[in-house]
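Enquirer: Pasting a structure here, questions to come.
Numbering (full-length UniProt numbering), first residue to last: 1 to 110.
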């Protein structure tokens, strides 16, 4: 079952949206990684998760440079409320499922 690591720039509430389809997913806060650098989060995800969910462009560059694992679910929607972000995730759950079993490295959600 695919596991997603949710980055600090995404609300902890995102786990509630993802937990039905991806019950092993975790937010960096739960793992004590909330103050970790992007490099540390990348390395941790590389060894423990299938994908990172983030709004951070640095993870986009890392995925382009190094390739998966981990894959990247990249939220490119600008400033938005937590509710808007959670609704965006809900809207794309089936696309996320398909992406995680595909050969793609990056899924962009706007």
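Beta carbons: idealized from backbone N, C-alpha and C, even for Gly. All figures in this text were calculated on a predicted structure; none of them were measured in a lab.
Rounded to a whole number of angstroms, what is the C-alpha to C-alpha distance between residue 3 and residue 80?
Expert: Counted from its first residue, the chain shown places residue 3 at position 3. Counted from its first residue, the chain shown places residue 80 at position 80. Distance between the alpha carbons of residue 3 and residue 80: 25 Å.
Enquirer: Following the continuous beta strand (DSSP E) through residue 36, name the residue where it begins and the one where it ends.
Expert: For this step, residue 36 is matched to residue 36 along the chain shown. That residue, residue 36, is in no beta strand (DSSP E); it is neither H nor E in DSSP.
Enquirer: So what does DSSP say about residue 25, is it helix, strand or coil?
Expert: Translated into the one-based positions of the chain shown, residue 25 becomes position 25. Of the three classes helix, strand and coil, the one that applies to residue 25 here is coil, per DSSP.
Enquirer: Got a sec? Which residues, its chain only, sit under 8 Å from residue 71 by beta carbon, not counting five neighbours each side?
Expert: Reading the chain shown from its first residue, position 71 is the one you call residue 71. So the list reads 50, 51, 52, 63, 99, 100, 104, 105, 106 and 107, once near-sequence residues are dropped.
Enquirer: For residue 11, which residues in the same chain have their Cβ closer than 8 Å to its Cβ, ignoring the five residues on either side in sequence?
Expert: In the chain shown, counting from the first residue as 1, residue 11 sits at position 11. The residues are 82, 85 and 86.
Enquirer: Which of the three DSSP states is assigned to residue 51 in this structure?
Expert: For the purposes of this step, residue 51 is taken as the residue at position 51 of the chain shown. Of the three classes helix, strand and coil, the one that applies to residue 51 here is strand, per DSSP.
Enquirer: Within the continuous beta strand (DSSP E) that includes residue 73, where are the two ends?
Expert: Translated into the one-based positions of the chain shown, residue 73 becomes position 73. Residues 71–75.
Enquirer: Please report the straight-line C-alpha distance between residue 33 and residue 95, rounded to a whole angstrom.
Expert: Against the chain shown, residue 33 aligns to sequence position 33. Against the chain shown, residue 95 aligns to sequence position 95. Computed Cα separation, rounded: 27 Å.
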